[in-house]
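Read left to right, the sequence shown gives residues 51 to 235 (the working numbering).
A virtual CB, placed ideally from N, CA and C, is assigned to each residue, including glycine.
On a predicted model such as this, the values are computed, not experimentally measured, just so you know.
Notes for the one structure printed next.
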Amino acid sequence: MFTADGTPSDDDPRENGPRLGDERATLAESLRVERLTLELKCSDLDAEQMARRSVEPSTMSLLGLVRHLAEVERSTFRELMAGQDKSRLFTSEADRDGDFNGAVPDPRVVAEAWAAWRAEVDFGTRFVAAAPSLDITGPDPLNQHGSGGGEMSLREALVGLIREYARHMGHADLLRERIDGRLGQ
C-alpha cells in the first residue's frame with residue numbers, strides 16, 4: 051500500500067487477516083501478508099521498471115525478486131515438504147543467479163515470472179492448509195533450508211520462508227522508491 055508520506059492506510063489489504071488464530075493460522079497469515087506486500091511493491095510497473103537493477107554491481111530488481119521468491123516457494127513446498135523432484139524455474143548449475151540474471155525488461159518474462167510465482171504460492175497455500183500437522187518433516191540433507199542438514203518441520207519451513215520474504219521486502223522498498231519515489235508503509 052502506498053501513501054503520500056509512508057504512513058499507514060486504512061484500506062491496506064494486508065491489515066484484514068485473522069488476529070487471534072492458532073499457530074497454523076498465524077504463520078499462514080504472516081506469509082500471506084508478505085506475499086501480498088511483494089505484489090503491492092510491484093503494482094503498476096511496466097517491464098522496464100520491473101527489471102530495473104538497483105545499483106552496480108548488484109543484479110537485484112523487483113522482477114528478479116519475483117523470480118527468486120518463486121524458486122524459494124518451489125524449493126520449500128514442492129521439494130522439501132512434498133518430496134517432489136522438480137527442476138528449477140530460473141536457476142541452474144551453470145547460472146545459480148539465473149533468477150536475477152534473467153530478469154530482463156520483456157513483458158513476456160514478467161508475465162512468466164508472475165505466473166510461476168502464483169503457481170508456487172497456490173501450491174504452498176494448498177499444501178499448508180492440507181498438512182495434517184505443522185510437525186510433518188521434510189529432508190534437508192544439504193542444509194539448503196537451514197535445518198543443519200537433517201529433517202525440517204513444516205513449522206520451521208514456514209518461519210524460514212516468512213523471514214526470506216521479510217528480508218527481501220526491505221530490498222523491494224528501496225527498489226520501488228528508486229523507480230518512482232513511492233514509499234510503502
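(message) Considering Cα atoms alone, identify which of D156, A180, R168 is closest to V116.
(response) Translated into positions along the sequence shown, residue 116 becomes position 66. Out of D156, A180, R168, R168 has the C-alpha closest to the C-alpha of V116.
(message) For a quick check, are the C-beta atoms of A120 and E170 less than 8 Å apart?
(response) What you label residue 120 is simply residue 70 of the sequence shown in a count that begins at 1. What you label residue 170 is simply residue 120 of the sequence shown in a count that begins at 1. Yes, they are a contact pair.
(request) Compare the C-alpha of D94 against each of L81, L113, A78, V105 and name the closest. (result) Here residue 94 corresponds to residue number 44 of the sequence shown, with the count starting at 1. Minimum Cα distance to D94 is reached at L113.
(message) For a quick check, are the C-beta atoms of L81 and A207 less than 8 Å apart?
(response) Against the sequence shown, residue 81 aligns to sequence position 31. Against the sequence shown, residue 207 aligns to sequence position 157. Not in contact: L81 and A207 (Cβ atoms no closer than 8 Å).
(message) Tell me which residues share the same chain as D185 and place their Cβ nearer than 6 Å to its Cβ, disregarding the 5 neighbours each side in the sequence.
(response) Here residue 185 corresponds to residue number 135 of the sequence shown, with the count starting at 1. S203, listed in sequence order.
(request) With T141 as the anchor, note down where its alpha helix (DSSP H) starts and where it stops. (result) Counting from 1 along the sequence shown, the entry for residue 141 is found at position 91. Unbroken run through T141: none, as it is neither H nor E.
(message) Please state whether the Cβ-Cβ distance between T126 and G174 is less than 8 Å.
(response) For the purposes of this step, residue 126 is taken as residue 76 along the sequence shown, with counting starting at 1. For the purposes of this step, residue 174 is taken as residue 124 along the sequence shown, with counting starting at 1. In this structure, G174 lies closer than 8 Å to T126 by Cβ.
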